[in-house]
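In the working numbering, the protein residues as written are 512 to 760.
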């Protein structure tokens with residue numbers, strides 16, 4: 512979608528940052544069941560079809576009108592989007608009450624969380640049900656490999672980040688080791704010598720007390736890995752921008 516509205520010159524300065532962990536690689540039929548959508552439709556696909564700007568094809572969503580009209584189409588549906596947002600804001604309290612959703616925690620509240628043994632077991636069971644019987648999907652791994660290959664072939668930059676997990680989850684999950692082996696072979700090692708590709712792994716950031724649940728880092732840890740990521744991204748962004756500004760010699 513980004514490429515659809517970018518010029519070739521703008522695409523040449525793109526740096527794509529992709530964070531991955533085993534929860535991203537769920538089999539399509541397991542992740543997107545067909546009870547309320549077409550087979551294989553993702554949440555993004557559903558949103559594209561929702562406003563009539565895209566139509567369904569065997570190869571995925573395609574624009575109904577030529578892509579040059581997309582900015583105008585988006586402008587035309589903005590009043591509807593604003594109305595929808597207002598309605599959601601007004602009914603937020605009622606929706607929380609009806610669906611018994613707990614209020615969002617503040618950063619300070621998340622910092623104080625210490626998971627119990629039962630909460631850890633519940634999290635493991637949740638991911639067992641989410642991943643399904645097939646576990647880590649090699650088809651999804653291959654799709655990401657194909658996507659990165661296309662980006663690199665277009666002389667764009669890709670930073671692939673193996674997101675850290677708390678040690679208890681990493682060691683207890685049956686999905687972590689298969690994911691780690693596949694990600695190393697199919698992604699990190701596969702692209703290691705390709706110009707424009709950078710891999711980043713932070714296995715040392717695995718302290719159990721540094722996470723508010725089985726995957727989400729508390730604020731103090733998020734700041735650390737954000738700084739590490741920024742140190743990798745900034746030189747590449749600066750190089751791309753300077754190259755664009757200097758133009759042809």
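Just so it is clear, CB atoms sit at the ideal spot from N, CA and C, and this is done for glycine as well.
All figures in this text were calculated on a predicted structure; none of them were measured in a lab.
- The C-alpha of residue 675 lies about 16 angstroms from the C-alpha of residue 536.
- The alpha carbon of residue 687 has as its nearest neighbour, out of 577, 584, 646, 558, the alpha carbon of 646.
- Each residue's CA atom was taken as its position, placing residue 696 and residue 649 some 11 angstroms apart.
- Per DSSP, residue 589 lies in no beta strand (DSSP E) segment; the continuous alpha helix (DSSP H) that holds it begins and ends at 581-601.
- Of 621, 703, 576, 559, the smallest CA-CA separation from residue 730 is found for 621.
- The beta carbon of residue 725 is closer than 6 angstroms to those of 634, 680 in its chain, skipping five residues each way along the sequence.
- Look at residue 663 here: in three-state DSSP terms it is helix.
- The alpha carbon of residue 694 has as its nearest neighbour, out of 685, 672, 682, 728, the alpha carbon of 672.
- With contacts defined as CB atoms closer than 8 angstroms, residue 732 and residue 711 fail to qualify as a contacting pair.
- For residue 638, the enclosing alpha helix (DSSP H) stretches over residues 628-642.
- Sequence-distant partners of residue 571 (beyond 5 residues in either direction) whose C-beta falls short of 8 angstroms from its own C-beta, in its chain, are 556.
- In terms of Cβ geometry, residue 667 and residue 707 form a close pair [threshold 8 angstroms].
- Residue pairing by DSSP puts residue 574 in a beta bridge opposite 565.
- In the DSSP assignment, residue 668 falls within the unbroken beta strand (DSSP E) covering 668-673.
- By the 16-neighbour rule on beta-carbons within 10 angstroms, residue 658 is exposed.
- Looking from the CA of residue 534, the closest CA among 638, 583, 525 belongs to 638.
- Taking every protein chain shown into account, the CB of residue 642 has 16 or more other CB atoms within 10 angstroms, so this residue is buried.
- Under DSSP, residue 728 forms a beta bridge with 722.
- For residue 532, there is no enclosing beta strand (DSSP E), since its DSSP letter is neither H nor E.
- Residue 684 and residue 692 have their C-alpha atoms some 14 angstroms from each other.
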